[in-house]
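Undergrad: Residue numbers (full-length UniProt numbering): 1 to 404.
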């Protein structure tokens, strides 16, 4: 588990000896853990490996983009206390894998949700000898004393000091990596202040708040609460104004929250579809794939399908099938299946966009899964010849085609 050594939470009466640039966060320290021999900096940013290979071409700098296999080889525990906690850390990471299993068609999520959380939970603290003598709170202190999350951290989420707020968010993110802490953090009333930090914090505070909410959403009942507290709109804002890393964090958190239908409606109402369609064009960064995953989720409700069509989502997805990378073609065809499986008018639009030739090509030369999805969609387009119109939702608004 990552300590806050070197990233202190200040008491109201104390300030650092030297000014600290707002926006610097534990993200930098976390990234350095996997490259202990390299100084932290832009050149040492980490990226996620593609589909079980040691291929480094698709690496990203998202806080949730790491593979468990890489972490096992590169981020061993720094002291015996970390070893003693390894089983608890593994349990926390296992829980986070459920999201990947729920969306098993989308292989890029298999490492996104679990790997970094596993590493953060297993990594040990490394105190800085030059750290100023300030009233700091780290995970070891929180675990070994009666200090509650409510008393120590939750009030600081609304601090007007951006450094104190950012550190409080980081501390709660670290605490939330332990499954046993999530209920206590929720009971302490942290969700609404985390949403406040998501709206008002530094760029790093917003990113860490998104990840903390992702972790707390591991409790299914929290997903509706997080949405009701207003998290969806600032997550959507990150899709347009965030860094690449912030966009990925927002995409992953939105995907999980949108397992609740009401949060799908909130996302559509907050204008999520337009930036999601724009993100389809950001190829090679990992955001395109994730954007198509979330689009497919939103397209499981009628309002989402209408918004995707209005935003030009079908032409963008067809273009991806025509000339995108192999993996992105697969994501695109699954999103189109969601849009067209129950909507003949969308099938007609798909035909008008010239989708049949690239779908035929994909059905002959893609991966086994991509071939199957393309063939299924071509089958729907053949059915279109028999007439019929309008759109209808699948059972419970879910995507029936995505399970095929």
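We put the CB at the ideal spot given by N, CA and C, even for glycine.
Since we're looking at a predicted model, the values are computed, not measured.
Excluding the 5 residues preceding and the 5 following residue 212 in the sequence, name in chain order all residues of the same chain whose CB lies nearer than 7 Å to its CB.
TA: Here residue 212 is taken as the residue at index 212 of the chain shown, counted from 1. Residues 169, 172, 173, 176 and 194 of the same chain have their beta carbon placed closer than 7 Å to that of residue 212, with the five preceding and five following residues left out of the count.
Undergrad: In whole angstroms, what separates the C-alpha of residue 292 from that of residue 370?
TA: Position 292 of the chain shown, counted from the first residue, corresponds to residue 292. Position 370 of the chain shown, counted from the first residue, corresponds to residue 370. Answer to the nearest angstrom: the Cα atoms are 15 Å apart.
Undergrad: Would the beta-carbon of residue 287 fall within 8 Å of that of residue 279?
TA: Residue 287 sits at position 287 when you count from the first residue of the chain shown. Residue 279 sits at position 279 when you count from the first residue of the chain shown. Against a cut-off of 8 Å, the Cβ pair of residue 279 and residue 287 comes out as a contact.
Undergrad: Taking the alpha helix (DSSP H) that residue 304 belongs to, which residues open and close that run?
TA: As a first step, residue 304 is located in the chain shown; it is residue number 304 there, counting from the start. For residue 304, the enclosing alpha helix (DSSP H) begins and ends at 302-310.
Undergrad: Specify, as a first and last residue, the run of the alpha helix (DSSP H) that residue 327 falls within.
TA: Here residue 327 corresponds to residue number 327 of the chain shown, with the count starting at 1. Where residue 327 is concerned, the enclosing alpha helix (DSSP H) stretches over 326-340.
Undergrad: Report the residue from 218, 277 and 356 whose alpha carbon sits nearest the alpha carbon of residue 260.
TA: Position 260 of the chain shown holds residue 260. Minimum Cα distance to residue 260 is reached at 218.
Undergrad: Between which two residues does the alpha helix (DSSP H) harbouring residue 262 extend?
TA: On the chain shown, position 262 is the one that residue 262 refers to. 261-269 is the span of the alpha helix (DSSP H), which, as asked, contains residue 262.
Undergrad: Below 8 Å on the Cβ atoms is my contact criterion, and I expect residue 321 with residue 276 to pass it. Report the Cβ-Cβ distance as a whole number of Å.
TA: As a first step, residue 321 is located in the chain shown; it is residue number 321 there, counting from the start. As a first step, residue 276 is located in the chain shown; it is residue number 276 there, counting from the start. Wrong, their Cβ atoms sit about 17 Å apart, outside the cutoff.
Undergrad: Would you say the segment 351-358 touches the segment 310-319, given that touching needs at least three Cβ pairs under 8 Å?
TA: The answer is yes - the segment 310-319 touches the segment 351-358, with three or more Cβ pairs under 8 Å.
Undergrad: Determine the direct distance from the alpha carbon of residue 308 to that of residue 323, and round the result to whole angstroms.
TA: In the chain shown, the residue the question calls residue 323 occupies position 323. In the chain shown, the residue the question calls residue 308 occupies position 308. One C-alpha to the other measures close to 20 Å.
Undergrad: How many whole angstroms separate the CB atoms of residue 272 and residue 238, which I take to be in contact at a CB cut-off of 8 Å?
TA: Residue mapping note: residue 272 aligns to position 272 of the chain shown, counting from 1. Residue mapping note: residue 238 aligns to position 238 of the chain shown, counting from 1. Contact doesn't hold; Cβ gap of about 11 Å is too wide.
Undergrad: Looking at residue 335 and residue 299, is the spacing between their C-beta atoms short of 8 Å?
TA: Here the question's residue 299 lines up with position 299 in the chain shown. Here the question's residue 335 lines up with position 335 in the chain shown. Yes; because the gap between Cβ atoms is below 8 Å, this pair is in contact.
Undergrad: Go through its chain and collect everything with a Cβ distance to residue 69's Cβ below 7 Å, but skip five positions before and after it.
TA: Numbered from 1 along the chain shown, position 69 holds the residue referred to as residue 69. At residue 69 the pLDDT is 34, less than 50, meaning the model places this residue with poor confidence; the figure from the coordinates comes in the next sentence. So no residue of the chain qualifies.
Undergrad: So for residue 211, helix, strand or coil by DSSP?
TA: In the chain shown, residue 211 corresponds to position 211, counting from 1. Helix, per DSSP.
Undergrad: With a CB to CB cut of under 6 Å and the five nearest residues on each side skipped, what residues in its chain are close to residue 285?
TA: Taking the first residue of the chain shown as position 1, residue 285 is located at position 285. Excluding residues within five positions, the ones whose Cβ falls inside 6 Å are 244.
Undergrad: Between which two residues does the alpha helix (DSSP H) carrying residue 252 extend?
TA: As a first step, residue 252 is located in the chain shown; it is residue number 252 there, counting from the start. 244-257 is the span of the alpha helix (DSSP H), which, as asked, contains residue 252.
Undergrad: Could you spell out the range, first to last residue, of the alpha helix (DSSP H) harbouring residue 190?
TA: For this step, residue 190 is matched to residue 190 along the chain shown. Residue 190 -> no alpha helix (DSSP H), and no H or E assigned at all.
Undergrad: Between 163, 256, 337 and 282, which lies nearest to residue 374 when the distance is taken from Cα to Cα?
TA: Translated into the one-based positions of the chain shown, residue 374 becomes position 374. The shortest C-alpha separation from residue 374 is found at 337.
Undergrad: Round the Cβ separation of residue 381 and residue 351 to the nearest angstrom and send it over; I've been treating them as touching at under 8 Å.
TA: For the purposes of this step, residue 381 is taken as residue 381 along the chain shown, with counting starting at 1. For the purposes of this step, residue 351 is taken as residue 351 along the chain shown, with counting starting at 1. In this structure residue 381 touches residue 351 by the C-beta definition: roughly 6 Å separates them, less than 8 Å.
Undergrad: Assuming residue 275 is part of the alpha helix (DSSP H), what are its boundary residues?
TA: Residue mapping note: residue 275 aligns to position 275 of the chain shown, counting from 1. In the DSSP annotation of this structure, the continuous segment of the alpha helix (DSSP H) that includes residue 275 starts and ends at 273-279.
Undergrad: Kindly indicate the opening and closing residues of the alpha helix (DSSP H) around residue 285.
TA: Start at 1 with the first residue of the chain shown, and residue 285 comes out as number 285. Here residue 285 belongs to no alpha helix (DSSP H), and DSSP marks it neither H nor E.
Undergrad: Between the Cα of residue 345 and those of 302, 181, 236 and 365, spot the shortest distance and give me the residue it belongs to.
TA: As a working mapping, residue 345 is identified with position 345 in the chain shown. Cα-wise, what sits closest to residue 345 is 302.
Undergrad: Tell me whether residue 231 is buried or exposed, calling it buried when 16 or more other Cβ atoms sit within 10 Å of its Cβ.
TA: The residue given as residue 231 occupies position 231 in the chain shown. Buried: at least 16 other Cβ atoms inside 10 Å.
Undergrad: Starting from residue 229, follow its DSSP beta bridges and name the residues at the other end.
TA: As a first step, residue 229 must be located in the chain shown, where it is residue number 229. Residue 229 is not bridged to any residue.
Undergrad: Between residue 236 and the rest of its own chain, which residues show a CB-CB distance below 8 Å, the 5 nearest in sequence each way excluded?
TA: The count along the chain shown starts at 1 and reaches residue 236 at position 236. Result list for residue 236: 250, 254, 267, 270, 271, 272 and 275, in chain order.
Undergrad: May I have the straight-line CA-CA distance separating residue 297 from residue 192, to the nearest angstrom?
TA: Reading the chain shown from its first residue, position 297 is the one you call residue 297. Reading the chain shown from its first residue, position 192 is the one you call residue 192. Roughly 25 Å between the two C-alpha positions.
Undergrad: Looking at the unbroken alpha helix (DSSP H) that takes in residue 154, where does it start and where does it end?
TA: Stepping through the chain shown from its first residue, residue 154 is reached at position 154. It is not in any alpha helix (DSSP H) - residue 154 carries neither H nor E in the DSSP assignment.
Undergrad: I'd like to know whether the C-beta atoms of residue 256 and residue 214 end up nearer to each other than 8 Å.
TA: Here residue 256 corresponds to residue number 256 of the chain shown, with the count starting at 1. Here residue 214 corresponds to residue number 214 of the chain shown, with the count starting at 1. Against a cut-off of 8 Å, the Cβ pair of residue 214 and residue 256 comes out as a contact.
Undergrad: Taking the C-alpha atoms as reference points, what is the distance between residue 225 and residue 181?
TA: Residue numbering aside, residue 225 sits at position 225 when the chain shown is read from its first letter. Residue numbering aside, residue 181 sits at position 181 when the chain shown is read from its first letter. Approximately 17 Å, taken between the alpha carbons.
Undergrad: Could you check which residue in 179, 384 and 330 has the C-alpha nearest to that of residue 368?
TA: Residue numbering aside, residue 368 sits at position 368 when the chain shown is read from its first letter. Out of 179, 384 and 330, 330 has the C-alpha closest to the C-alpha of residue 368.
Undergrad: Assuming residue 348 is part of the alpha helix (DSSP H), what are its boundary residues?
TA: Within the chain shown, residue 348 is the residue found at index 348, counting from 1. Residue 348 -> alpha helix (DSSP H) spans 344-352.
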